[in-house]
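At position 78 of the sequence shown the residue is numbered 78 (full-length UniProt numbering), and the sequence of numbers has no breaks. Idealized CB from N, CA, C, for every residue including glycine.
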Amino acid sequence: MSQNIYDRVRANPKYTELVQKRSSFAWKLTITILVVYYAFILVIAFSPTTFGQTIGSGVTTVGIPIGFGIIVLSFILTGVYIQRANGEFDDLNNQIKEEARSEK
């Protein structure tokens, strides 16, 4: 990419909007999963009996489905990010590219 096109992209207000929105959204998802994960670890560390209780008369403890739920939540949040990236972020990206090409 030539420096001229690079400068036009960087000067485009939509580029700033894209970077801000994408970073903000990624941080929100990151903080969400970190809070959930560390809350899980803190409960294990300071109250191991909470997740150590068995479910019914079996050997499965409460911590197993909660841990599984955290893994599923990670996949869901990844899917949410992909959905938004393929929609809103790609649309903005394509607009930026078209504007940079048309300014030649």
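Residue i: first and last residue of the uninterrupted alpha helix (DSSP H) it sits in
i	result
residue 67	63 to 84
residue 50	48 to 52
residue 98	90 to 102
residue 12	Element bounds for residue 12: n/a, residue is neither H nor E.
Residue i (DSSP reduced to helix, strand or coil)
i	result
residue 33	helix
residue 57	coil
residue 23	helix
Which listed residue (the options) has its alpha carbon closest to that of residue i
i	options	result
residue 36	86, 74, 100	74
residue 80	7, 93, 32	32
residue 77	20, 39, 27	27
residue 90	4, 22, 55, 34	22
Cβ distance (whole Å) where residue i is taken to contact residue j below 8 Å
i	j	result
residue 15	residue 71	Actually they are not in contact, since the Cβ atoms of residue 15 and residue 71 sit about 35 Å apart, beyond 8 Å.
residue 100	residue 43	With 8 Å as the limit, residue 100 and residue 43 do not qualify as a contact, their Cβ atoms being about 50 Å apart.
residue 51	residue 63	3 Å
residue 29	residue 92	With 8 Å as the limit, residue 29 and residue 92 do not qualify as a contact, their Cβ atoms being about 18 Å apart.
residue 58	residue 40	Actually they do not touch by this definition, with Cβ atoms about 21 Å apart.
Sequence-distant residues of its chain with Cβ nearer than 7 Å to residue i (five each side left out)
i	result
residue 53	61, 62
residue 5	100
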